[in-house]
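Asks: Numbering of the sequence shown is given in full-length UniProt numbering, commencing with residue 1 and proceeding in unit increments.
Note that CB positions come from ideal geometry on N, CA and C, so glycine has one too.
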Amino acid sequence: MALAALGFSYSPKRLSLSFAKCLRHGDDGSDLATLSRPSSPHKWRVVIAYDGKKFAGWQYQESPPTIQCLIEKALTRITKLNRKQLHLVGAGRTDAGVHAWGQVAHFITPFNYDCLESIHAALNGLLPSEIRVREISPACPEFHARFSTISKLYHYKIYNGLIMDPFQSRYAYHSGYKLNPVVMREAASYFVGRHDFTSFANVSHSDGLVNPVKEIFQFHVKEMDHVFQIEVEGTGFLYRQVRNMVALLIEIGREVLPPVVVREILAARNRRELAKFAMSAPPHGLCLMSVNYSDDILKAPAGCPASSFGRPQTASKCRLPFY
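1. Does the Cβ of Ile119 have 16 or more other Cβ atoms within 10 Å, making it buried, or fewer, making it exposed?
2. Do Tyr154 and Met289 have their beta-carbon atoms positioned less than 9 angstroms apart in this structure?
3. Would Ile252 and Val261 be called neighbours here (beta carbons separated by less than 9 angstroms)?
4. For the putative contact between Ala100 and Gly52, defined by C-beta atoms under 8 angstroms, what is the C-beta separation to the nearest angstrom?
5. Out of His284, Trp58 and Val182, which has the shortest C-alpha to C-alpha gap to His220?
6. What are the boundary residues of the beta strand (DSSP E) that includes Arg45?
7. When DSSP labels each residue in this structure, what does Pro282 get in the three-state scheme?
8. Can you tell which of Phe143, Pro128 and Gly97 has its C-alpha closest to the C-alpha of Pro301?
9. Which one or two residues does DSSP pair with Asp196 in a beta bridge?
10. Assess, as a yes-or-no matter, whether the stretch 269-286 is touched by the stretch 81-99 under the definition of 3 or more beta carbon pairs within less than 8 angstroms.
11. Closest by CA to Phe200, which one among Ala247, Leu127 and Arg146?
12. In this structure, how does DSSP classify Asn292 when only helix, strand and coil are distinguished?
13. With the cut-off set at 9 angstroms, would you say Phe217 and Gly236 are in Cβ contact?
14. Look at the alpha carbon of Ser308 and the alpha carbon of Arg93, and state the distance between them as a whole number of angstroms.
15. Is the distance from the Cβ of Leu257 to the Cβ of Phe228 below 9 angstroms?
Here it is as structure tokens:
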């Protein structure tokens with residue numbers, strides 16, 4: 001996908017020439033900013049957007065490549081630190097094909113930066129165009145991208161027309177059946193609150209000790225012409241939980257099932273109960289929009305550089321298509 005599709009405007013020649021100059025000098029961006037080397041480690045928070053269509057999700061693996069793998073390789077080239085030293089951690093382990101506008105991660109360096117704009121530009125210069133680092137900020141030692149979260153917001157797009165809009169096919173699931181937004185909203189309301197979501201979680205090898213009780217703060221079904229935008233925010237989500245909830249809403253929207261079936265499936269606390277009615281919705285309609293933290297945990301330590309939101313020539317006002 002072209003960089004412009006992620007909402008960035010930039011000068012390719014200026015960026016590539018500048019970055020090529022860095023590579024000719026053999027530094028790969030590692031001295032793009034003035035470094036100081038105090039004894040204590042420094043933690044950095046990054047906000048990342050990506051089109052997940054051709055990647056095997058977030059979690060690290062080299063083949064096929066994942067988002068975490070590619071970001072780590074870029075950071076390693078810039079900082080000269082290995083994976084263990086960087087300790088890159090993401091807030092959410094998005095599946096293969098799932099997109100993100102507000103994924104958050106943190107990494108660690110043994111040195112401080114006086115300015116973050118150069119390392120920001122170097123990162124985006126090394127990453128494929130489908131992955132953009134939107135922000136780099138200093139983080140306090142207590143900050144943890146995954147465990148400090150207070151909520152996550154996901155959007156799921158459904159195109160509800162007879163003929164799929166080709167300009168939305170990468171980011172929206174196509175339902176040729178006419179959906180009823182009234183019954184979908186009623187069904188969504190039953191998810192709000194604190195529940196055991198065992199029935200809506202697929203089994204994962206890494207989920208053995210995960211608490212199935214989660215709280216959903218809001219669950220909206222918005223209709224915009226032929227597009228249904230499902231917005232769900234909660235403390236956290238189990239493996240494929242959002243896609244499973246959306247799949248059930250689609251069946252309810254087709255008026256195949258009554259909205260109250262949500263209560264019955266929740267009460268069963270058994271994945272087989274949901275499987276009677278719906279399978280997981282496809283990944284390409286899902287986007288991690290934001291990961292939210294308390295103001296206190298986002299306070300930057302004293303003596304750290306200002307956050308970087310990108311240089312004017314490499315990034316303008318950011319917008320993910322159709323979100």
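Replies: Put simply:
1. Classification for Ile119: buried.
2. Between Met289 and Tyr154, the C-beta spacing is below 9 angstroms.
3. Taking C-beta atoms as the reference points, Ile252 and Val261 count as a pair closer than 9 angstroms.
4. Yes, Ala100 and Gly52 are in contact; Cβ-Cβ is about 7 angstroms, under 8 angstroms.
5. For His220, the nearest C-alpha among the options comes from Val182.
6. Per DSSP, Arg45 belongs to the beta strand (DSSP E) from His42 to Tyr50.
7. Coil at Pro282, not helix or strand.
8. Taking only the C-alpha atoms, the option nearest Pro301 is Phe143.
9. When beta bridges are read from the DSSP output, Asp196 appears opposite Val213.
10. Contact holds: three or more Cβ-Cβ distances are below 8 angstroms.
11. Phe200 has its Cα closest to that of Ala247, out of Ala247, Leu127 and Arg146.
12. Strand, per DSSP.
13. With contacts defined by Cβ atoms closer than 9 angstroms, Phe217 and Gly236 do not form a contacting pair.
14. About 24 angstroms.
15. Taking a C-beta distance under 9 angstroms as the contact criterion, Leu257 and Phe228 do not qualify as a contact pair.
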